[in-house]
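Just below is one structure, and these are the notes that go with it.
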Amino acid sequence: MKFSLGYNHDLKLLDLLDKYRENIESFYFPIPSRYLGSGRLIPQGEGYCEEVNKIIKKCNTLKIRSQLLLNATNDGSSGLEAKFFSTILDYLQKMKSLGLKSVIVTNPIYISEIKKQIKGLEIESSVNCYVKTVEHALYLKDLGADVITIDRDINRATSLVKNIRIKTGLKIKVMLNEGCLRNCPFRSLHYNFLSSNVLKPEKLIGDASLDRLCSEIYLRHPEKVFSIPFIPPDAVSLYAPIADYYKLSTRAFSTQKTELCLNAYIKQDFNGDLLDILDCPGLAHFNYIDYSVLKKHNFFAKISKCSNDCGKCNYCNKLIRHAVIINANYLNEDAREQEDQKA
28 MKFSLGYNHD
38 LKLLDLLDKY
48 RENIESFYFP
58 IPSRYLGSGR
68 LIPQGEGYCE
78 EVNKIIKKCN
88 TLKIRSQLLL
98 NATNDGSSGL
108 EAKFFSTILD
118 YLQKMKSLGL
128 KSVIVTNPIY
138 ISEIKKQIKG
148 LEIESSVNCY
158 VKTVEHALYL
168 KDLGADVITI
178 DRDINRATSL
188 VKNIRIKTGL
198 KIKVMLNEGC
208 LRNCPFRSLH
218 YNFLSSNVLK
228 PEKLIGDASL
238 DRLCSEIYLR
248 HPEKVFSIPF
258 IPPDAVSLYA
268 PIADYYKLST
278 RAFSTQKTEL
288 CLNAYIKQDF
298 NGDLLDILDC
308 PGLAHFNYID
318 YSVLKKHNFF
328 AKISKCSNDC
338 GKCNYCNKLI
348 RHAVIINANY
358 LNEDAREQED
368 QKA
């Protein structure tokens, strides 16, 4: 089983491609911000365009698919203008000539136009397309998508994922370790904001924190952490009949944390702090989640069949008491400011 890793803007991460070349199927990285925003608000250095060239060359040498992200959910007022898109298209043509293999795209019009104008470049629908139905997946197929990345909210609806694969005839990618709330009411808002490339936003409404919009939900319902639709390392093999590609969300990870996460999924086993392999700044509400305790209580088998009848079940509340340490300083203003700066 092979995995897709994301670039964290640390060139040392490229050494992991050599070390784990047998376990890495693809490597994804954002288009330079001069062309388009991204689904992660990570500053790019002045030499980033040269880094992209180096990454593509490195991937080709190791026979790892290079994947350029066009995953912004907000292209701004000029996003649909022909002149704006032509600069993106020219850049893609240039990168393809250097050996770029694939693009991961959110905008359905971009999917259609790239398919028409650049032959031989594989197109994946981004997870930010929020594909939750067969009908949606079929639309993207008709527009030109070669691979469908399903919305992580349906990760555990395996019969639905299987049906999408059968009905479209396309390859399916699942995101394994994103730690965002299931059906988060802030998700679209958050990604639209990130895609705008505003690195230093002004004070937000109600002192909201950009990467902590879900914090009030966790304060009231910490048990919601168990409904996050991540797929744990020990459950990945269950997806072999329905998924073709396995994506690890690592763009905001340190290189050390990326390797820890990758190793857990390669070994398909993990017993430490679940927070070490999940990607979401909103999880700062928690200090520790003991995954060995979750396994002892048959976590994935139980949660995969969740009926959402929390009043009768109380399973998640019990797990909170047995496996979770809440961050006692989470409401402390200074501590939260430090966490926000890290994010």
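Sequential numbering from 28 applies to the sequence shown in my numbering.
Cβ atoms here follow ideal geometry from the backbone N, Cα and C, with glycine treated the same way.
It should be emphasised that the depicted structure is a prediction, and the values quoted were computed from it without experimental measurement.
Annotation: R92 is outside any alpha helix (DSSP H); the continuous beta strand (DSSP E) that includes it extends over 92-97.
Assignment of beta-bridge partners to T176 by DSSP yields K200. For S222, no beta strand (DSSP E) run applies; the uninterrupted alpha helix (DSSP H) run containing it begins and ends at 214-222, by DSSP. Note that the C-beta distance between T285 and L96 is not below 8 Å.
E140 is classed as buried because its beta carbon has at least 16 other beta carbons within 10 Å across all chains shown.
Just so you know, the alpha carbons of N50 and V188 end up roughly 24 Å apart. Here F280 carries a coil assignment [DSSP, helix/strand/coil]. In this structure, the alpha-carbon of I347 lies about 48 Å from that of F112. Distances from the alpha-carbon of S223 to those of F56, E52, R61 put R61 closest.
Exclusion of the five residues before and after D37 leaves S281, T282 as the residues of its chain whose Cβ lies within less than 8 Å of its Cβ.
In this structure G206 is not in contact with L275, their Cβ atoms being roughly 12 Å apart against a cut-off of 8 Å.
The way I'd put it, the stretch 240-250 doesn't touch the stretch 294-301; fewer than three beta-carbon pairs between them come closer than 8 Å. Annotated three-state conformation of G309 is helix, per DSSP.
The beta carbon of Y75 sits closer than 7 Å to those of P59, all from its chain and outside the five residues before and after it, given in chain order. Membership of G338 in the alpha helix (DSSP H) is indicated by the continuous run 337-340.
With a contact defined as Cβ atoms closer than 8 Å, L89 and D117 miss out at about 27 Å. Beta bridge pairing from DSSP links V130 with L95, I150. In the structure shown, P57 falls within a strand segment according to DSSP collapsed to helix, strand and coil. Just so you know, the alpha carbons of S334 and N87 end up roughly 46 Å apart. Put simply, the backbone Cα of V263 is about 34 Å away from that of D102. For V320, the enclosing alpha helix (DSSP H) begins and ends at 318-323. Check the Cα spacing between I136 and each of L167, V154, H349: the tightest is with L167. Ranking K194, R278, K142, L127 by CA distance to the CA of L165 puts K194 first. Excluding the 5 residues flanking it on each side, A350 has same chain C-beta neighbours closer than 7 Å at I316, D317, V320, L321, in chain order. Per DSSP, K142 is one residue of the alpha helix (DSSP H) stretching across 135-144. Assigned with DSSP and collapsed to three states, L68 falls in coil, not helix or strand. Comparing alpha-carbon positions, the option among D178, P256, G72, E243 lying closest to L208 turns out to be P256. K230 sits in coil when the DSSP states are folded into three classes, being neither helix nor strand. One Cα belongs to L170, the other to L127, and the distance between them is close to 21 Å.
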